[in-house]
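Chains as they are written, first to last, in this note's numbering: chain Y, 7 to 470; chain C, 7 to 470.
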């Protein structure tokens, strides 16, 4: 809890209007998209690096937790202030500071919304590929905290592959730059990549330099329709065997399609067991060449039909269906638990079967949405957090799911992070020695455990 | 110094033939390609992860330093055992364990030589782009320690962009896996990328999973010839403005060409002030399109001639000239100091001018070799370490060079690392707070300062 006077000190730093303490306001910042909630004691809205620094110095002096927050589209509990204290809302850092066409970089503040940034760079013929489904609301700072992915990461890599340097306020309030506009950089330890995906536990990012690439000349959207989901899953390796990396390779099963059609009908084939939604890009000639090989690969895996989007509108409609899938499924239940287990792509067919078996075993409704190209599976567990008996089954499902992903050589999270949701599994993947190495880094940089405590490390969760 | 019995303990771990202690043998492992030398007390050749683990546990117990070593092609003093102790030679870890065509990954041991690995993957139509000039001798483990780059990194990125996971023996002897075959992975802190470029100070890598990509169908080599080096430097931005990223964009000045021609003549134009050696790759059609735009960009920047290599042999000859440049220059002097300052590519023309001015100011002979596309400059300082007066000027040149690189928004090292050579500059780039953050991580993971002490951190160098 705050000692008396902390609120006054915070108001001195950011101004009295930028410290929120009313119950109504605190409730608004107590949750993200997971079932976790916890009230902060105050919400502060800094608007400069200096203010962030002063808040963290105060936090160390007074020993209160600080949880940085972007748009709260977090899917692992990462932005819930599970130990109370201060929520640091970064939305005032909302400027694209520079798009540098000569160096193919952009310098942006962490509160910039990703879709706005996409539009700004694409207007210059440039491209920033990471595209989490939350792109119309999520912020670049949040994307860095989570190491966000998205469909296009199959071809283009995730957020970490584009971040060149960060201005960061360290947990002790010191301000550093971790990198620069240069793509090559091996000066000291790679703090840039240590921070990407660290879920706001190692520093507060205040400026971001990202790499941009030329916007591909052309793209094409294809929809491959399958009577058997197993054939759809097998298509992934069949495409890669032809040495093609599509921009995206998304799998939707029938249950997901039914919910999408009920929400935003676009004519998905509800008599099919699964579809693959593919995008390819490159020069006009390259797109044509790839399209023919992709179609061949789909048909060789018994696709019943391969449709090509005939217009930009038709393509946009299919993608808007994909992006609305989470909302469509969420409409159908009280609580939606979005899993994020990831396996090597060769294991996709086996893992898809396991997911189906586990859903049946635990009597759960689990539509499947997958970035199949990179083995990143999102089983969507439709449940109700008030139903304690069902929640026990949801937990058992998750336990078996992640055990299977690790057994197949996979990982606990492809793009949503560990947060509070998966902290208990971390040692399954890294063993006690691996978790201890990570925790030693956390303690070294944040000895008072100020920044976003209760995340990633299960022993931090005790007493929460 | 060792306590009595340490040599016996080491022999118990790796076998008596795999502990070298004769003076002749110790001298062989006392240096790399920098002027630094220091004798170890023993050289050990482990051949399993368990042996590496046992050696590090012994080192912690007996408090002796361990310096991991690959092929010793290090350019920053990173593999010199500056505090004595044990050199851990990793050459026995020399197997390509798997090339997984379905997942587009390879699993290799750290002692595998890069050129051998290139051949193995290219035989399958796959591609591992990082290509440091040392590729015919350097090892993948060394590449990871240094975060190696190379010419092709302009288009394809450096070693860090290809490493997916590492089996690592931590400084305390514990063994962990940091990642997996999945490209998407945000499970806990990114220890993989913390280790890449950490110069053997945070762990000993014993297995490596790298990402592979499809081998481009076609490539083309071009040589653009300039009467003025400034025009060659300006061409970089002119090409990028056309939204083309060549595979490589290398600059050689006249002094470098003269030394190359004296060593391995290939017909470089010695009446020109500089050449750009370019490679482009992709599909046949894409290569043709790019070649025409690249030629247009070169001519718009006053290239006097643009030659296209007519055969694979002609292309290979030009590249072998480029790769032999370091040897060619080294032949001409007693001591070659290879700098590695990197600036944003927009600053390349200005930085090339500054390098020339500094060489004249300090009366030094400094041929220039540059990965110009990514602003990674290698001024080659030809000197003689026995000439103390000249070495003072070499130091003064380097001081001003790195100050200028940082002032232009660059970094201390693009691909050679900090080692002992540039430790004194680290705080210039990151400030005391940044260096302290890095050092805190080192202390957290290696409290006894066992692994490669005396590198990266200047205060570790005291008393060396």
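For each residue, glycine too, the CB sits at the ideal point set by N, CA and C.
Remember, predicted model here, so these are calculated numbers, not experimental data.
Taken atom to atom, the span from the alpha-carbon of residue 258(C) to that of residue 374(C) is near 6 Å.
Residue 137(C) sits in coil when the DSSP states are folded into three classes, being neither helix nor strand. Three or more beta-carbon pairs separated by less than 8 Å are not found between the region 216 to 231 of chain Y and the region 198 to 208 of chain C, which leaves the two stretches without contact.
Between the region 74 to 81 of chain C and the region 135 to 149 of chain C, the count of Cβ pairs shorter than 8 Å is three or higher; the stretches touch.
Here the alpha carbon of residue 290(Y) sits roughly 40 Å from the alpha carbon of residue 343(Y). Between the C-alpha atoms of residue 44(C) and residue 29(C) there is a straight-line separation of about 12 Å.
Residue 245(C) has no beta-bridge partner at all, per DSSP. Within the same chain, and ignoring the five residues on either side of residue 329(Y) in sequence, the residues whose Cβ sits closer than 6 Å to its Cβ are 139.
Leaving aside the five residues that flank residue 99(C) on each side, the residues in its chain whose CB is nearer than 6 Å to its CB run, in chain order, 115, 116 and 117. Sequence-distant Cβ neighbours of residue 464(C) in its own chain, meaning closer than 7 Å and more than five residues away, are 429, 430 and 432. For a Cβ distance threshold of 9 Å, residue set 195, 197, 200, 446, 447, 450 and 451 of chain C lies close to residue 447(Y), ordered along the chain.
Along the region 269 to 291 of chain Y, the positions whose C-beta sits under 7 Å from a C-beta of chain C are 289 and 291, read in chain order. At a C-beta separation below 7 Å, residue 359(C) has no neighbours in chain Y, since its nearest C-beta there lies roughly 17 Å away.
A distance below 6 Å between beta-carbons, with the five flanking residues on each side excluded, links residue 15(Y) to the following residues of its chain, in chain order: 64.
At least 9 Å separates the CB of residue 329(Y) from every CB of chain C. Beyond the five residues adjoining it in sequence on each side, residue 81(Y) comes within less than 6 Å, by CB distance, of 39, 344 and 422 in the same chain, given in chain order. Closer than 7 Å at the C-beta level to chain Y, one finds these residues of the region 369 to 403 of chain C: 380, 381 and 382. Ranked by Cα distance from residue 323(Y), the first of 336(Y), 272(Y), 436(Y) and 171(Y) is 272(Y). For residue 431(Y), the three-state secondary structure derived from DSSP is helix. Contact between the region 240 to 253 of chain Y and the region 283 to 299 of chain Y is present: 3 or more CB-CB pairs across the two stretches fall below 8 Å.
Under DSSP, residue 43(Y) shares a beta bridge with 37(Y). Under the three-state reduction of DSSP, residue 295(Y) is assigned to helix.
Close CB contacts of residue 102(Y) within its chain, under the 7 Å cut and outside five residues either way in sequence, are with 112, 114, 118, 123 and 126 (chain order).
For residue 167(Y), the neighbours in chain C by C-beta distance under 7 Å run, in chain order, 167. Spatial neighbours of residue 412(C) in its own chain (CB-CB distance under 7 Å, excluding positions within 5 residues in sequence) are listed in chain order as 434 and 435.
Judged by beta-carbon spacing, residue 231(Y) lies within the 9 Å limit of residue 275(Y), meaning their Cβ atoms are closer than that value. For the options 46(Y), 175(Y), 228(Y) and 301(Y), the alpha carbon positioned closest to that of residue 54(Y) is the one of 175(Y). Fewer than three pairs of CB atoms, one per stretch, sit closer than 8 Å, so the region 401 to 421 of chain C makes no contact with the region 175 to 189 of chain C. For residue 41(Y), the closest of 336(Y), 121(Y), 26(Y) and 367(Y) by C-alpha to C-alpha distance is 336(Y). Take the alpha-carbon of residue 185(C) and the one of residue 376(Y): they are about 21 Å apart. Per DSSP, residue 422(C) lies in no beta strand (DSSP E) segment and is marked neither H nor E. Residues of the region 204 to 216 of chain Y with a Cβ closer than 7 Å to any Cβ of chain C, in chain order: 204.
Contact of residue 78(C) with chain Y is not assigned, every C-beta pair being separated by 9 Å or more. When DSSP states are grouped into helix, strand and coil, residue 89(Y) belongs to the coil group. By the 16-neighbour rule on beta-carbons within 10 angstroms, residue 50(C) is buried. In the three-state scheme derived from DSSP, where H, G and I count as helix and E and B as strand, residue 393(C) is classed as coil.
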